[in-house]
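2 protein chains.
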Amino acid sequence: MIDIVLTDDHPVVRAGVRAVVETEPDMRVVRECATTAELLRWVAGGGRADVVLLDLRFGEAQRGGVDATRDLVAAGGPPVLILTTYDTDGDILAAVEAGATGYLLKDAPTDELTAAIRAAAAGEPALGPTVQRRLLTRLRRPDTSLTRREIDVLRLVGEGGSNDAIAARLSLSRATVKSHLAHIYNKLGVQSRTAALSAARQRGIL
Amino acid sequence: MIDIVLTDDHPVVRAGVRAVVETEPDMRVVRECATTAELLRWVAGGGRADVVLLDLRFGEAQRGGVDATRDLVAAGGPPVLILTTYDTDGDILAAVEAGATGYLLKDAPTDELTAAIRAAAAGEPALGPTVQRRLLTRLRRPDTSLTRREIDVLRLVGEGGSNDAIAARLSLSRATVKSHLAHIYNKLGVQSRTAALSAARQRGIL
DNA sequence: ACCGCCCTCCACCTTTCGGCTGATGGGGGC
DNA sequence: GCCCCCATCAGCCGAAAGGTGGAGGGCGGT
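Residue numbers (the working numbering), protein chains in the order written: chain A, 917 to 1122; chain B, 917 to 1122.
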């Protein structure tokens, strides 16, 4: 019997996963949590399970699921299977780097979900088809990656800052900001800040 | 008995809503659809229901739910209750303008969902609390709204186009594009195209 | 008929941005 | 030890964008 902890801030999704799981004879939901804090408390309090089903974003908290995953893995908890609607490169990579065993999108058919749960419970990786495709295309084009500093700059560009403003915010000279931007333009194959933003968003950076 | 048609591309969400609905004695799901096309075919083929539960976005199609709502309302179909994860001004307004009877977020508790279904089935408006708050704040600040043309321009700015490129794409003179942008900056209280993009995204335009 | 809003366009000027060609120092790999 | 990448900075130039101050036509409301 596979014991599952279900953590999602959407009651409807929790009910859905529970309904799907209950049609399988070899798995059951032993606990539902609406927040990552509740999940972590439950685990810390001695809760045991074979797999944690976890959403990535909770309300306004964009990285709640990633942080919780890191905590669970660090504490030697059960394998984590991410179940979310977001399929950008950044989300997927962040989850995998945090130690997630699997990554599934909410639009996956139910048999894919149960298969992923069985795989995750056995400690095997369980990546949805869409997720696998994204990872592969990223591997085929590794030059898209920006350095930490470049991402810092690009993020501030996305908030509407001028080169001067960005320089001030990062305690740099304007020349350095321009230099970073020039590198960004080169890597993304564009020639303006707005085009860079567009390209970066399209590729899941930011 | 309230007959419900359930339209969502997420199998898990469909299972969840079905599970919630089946705990209520006075309502039932008479049909599940994974796409708006399937829903429209079913209705055109004589399918009858008291309320349509509809997601807004289907896969890559951003406005699938809005278009379907328009079609259903135009055809005199059953009231439409939007059930979605997206809570930006633009999404909500588009749905309401298309004729949706209600708008609920997927993170709503289950009793809110059943209450909204009953209201929608009776033809009464059914807006979730978060949605109501958004509409009120928008009413308090109506000056945030951009004209059609301004949104056209801003969208192309978001794709990284220069003023010249935008002018060419919209068959305008560069002066007109600059004029639209000047108005946009004024309305949003910014002074650069990237800052305008940032502000527009934050307020759910685009 | 008038007013207001939207869309279109023009000219002039200042600021900013992007392209180019550099330079320096630190860290990691071979 | 050497080389490459990253991060930092500089100056110069042309192009683009933003600010100002207009103008005219269309359309809807009062």
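C-beta: ideal position from N, C-alpha, C; glycine also.
- Looking at the backbone, the Cα of residue 1110(A) and that of residue 1077(A) are separated by about 12 Å.
- Proximity of chain B to residue 1029(A) at the Cβ level (cut-off 9 Å) is accounted for by 927, 928, in chain order.
- Not one beta carbon of chain A lies nearer than 8 Å to the beta carbon of residue 1042(B).
- Within chain B, the C-beta atoms nearer than 9 Å to that of residue 1001(A) come from 926, 1001, in chain order.
- Residue-level contact check: residue 934(A) touches chain B, since one or more beta carbons of chain B fall below 8 Å from its beta carbon.
- Taking C-beta atoms under 8 Å as the contact rule, residue 1024(A) and residue 1044(A) qualify, at a distance of about 5 Å.
- By the Cβ neighbour-count rule, residue 1039(B) is exposed, with fewer than 16 other Cβ atoms within 10 Å of its own.
- No Cβ of chain B is located within less than 8 Å of the beta carbon of residue 1086(A).
- Non-local beta-carbon contacts of residue 1000(A) in its own chain, meaning distances under 6 Å to residues more than five positions away in sequence, involve 971, 972 in chain order.
- Using a 10 angstroms sphere on the CB of residue 980(A), the tally of other CB atoms reaches 16 or more, which defines it as buried.
- For residue 1019(A), the pairing in a beta bridge is given by DSSP as 998(A), 1043(A).
- Counting along the chain, residue 937(B) sits inside the alpha helix (DSSP H) bounded by residues 927 to 938.
- Every alpha helix (DSSP H) stretch that sits fully inside the stretch 1092 to 1121 of chain B and reaches 4 residues is listed by chain position as 1109 to 1118.
- Comparing alpha carbon positions, the residue from 1098(A), 1072(A), 1099(A) closest to residue 1087(A) is 1072(A).
- DSSP places residue 1003(B) in no beta strand (DSSP E); its state is neither H nor E.
- Proximity of the stretch 938 to 945 of chain B to the stretch 1098 to 1115 of chain A falls short of the contact definition, fewer than three beta-carbon pairs being nearer than 8 Å.
- Using a Cβ-Cβ cut-off of 9 Å, residue 1061(B) is close to nothing in chain A; its nearest Cβ partner there is about 20 Å away.
- Closer than 8 Å to the CB of residue 1025(A) there is at least one CB belonging to chain B.
- The beta-carbon of residue 923(A) is placed no less than 8 Å from the nearest beta-carbon of chain B.
- Around the beta carbon of residue 1083(B), a 10 Å sphere encloses 16 or more other beta carbons of the protein chains shown; the residue is thus reported as buried.
- In this structure, 1114(A) is the residue among 1036(A), 918(A), 1114(A), 1067(A) with its C-alpha nearest to the C-alpha of residue 1070(B).
- DSSP places residue 987(B) inside the alpha helix (DSSP H), whose first and last residues are 980 to 990.
- Check the Cα spacing between residue 974(B) and each of 951(B), 968(B), 992(B): the tightest is with 951(B).
- A straight-line Cα-Cα distance of about 5 Å links residue 967(A) and residue 920(A).
- Here residue 1052(A) is exposed, its C-beta having fewer than 16 other C-beta atoms within 10 Å.
- Look at the stretch 1073 to 1106 of chain A: the residues with a C-beta under 8 Å from a C-beta of chain B are 1073, 1074, 1075, 1076, 1077, 1078, 1106.
- Considering only 987(A), 944(A), 957(A), the residue with the shortest C-alpha distance to residue 1011(A) is 987(A).
- The bridge partners DSSP lists for residue 1028(B) come to none.
- Residue nearest to residue 1062(B) within the set 1018(B), 1017(B), 1005(B), 1080(B) is 1005(B) (criterion: CA-CA distance).
- For residue 993(A) and residue 944(B), the gap between their C-alpha atoms comes out near 40 Å.
- With 16 or more other Cβ atoms inside 10 Å of its own Cβ, residue 1074(A) counts as buried.
- For residue 1022(B) against residue 1106(B), the beta-carbon gap comes to about 32 Å, at or over 8 Å, which does not count as contact.
- For residue 1122(B), same chain residues with a beta-carbon under 8 Å away, outside a window of 5 residues either side, are 1006, 1067, 1070, 1071, 1074, 1113, 1116 in chain order.
- Judged by DSSP secondary structure, residue 919(B) falls outside any alpha helix (DSSP H) and instead within the beta strand (DSSP E) spanning 918 to 923.
- DSSP, read as helix, strand or coil, puts residue 1050(A) in helix.
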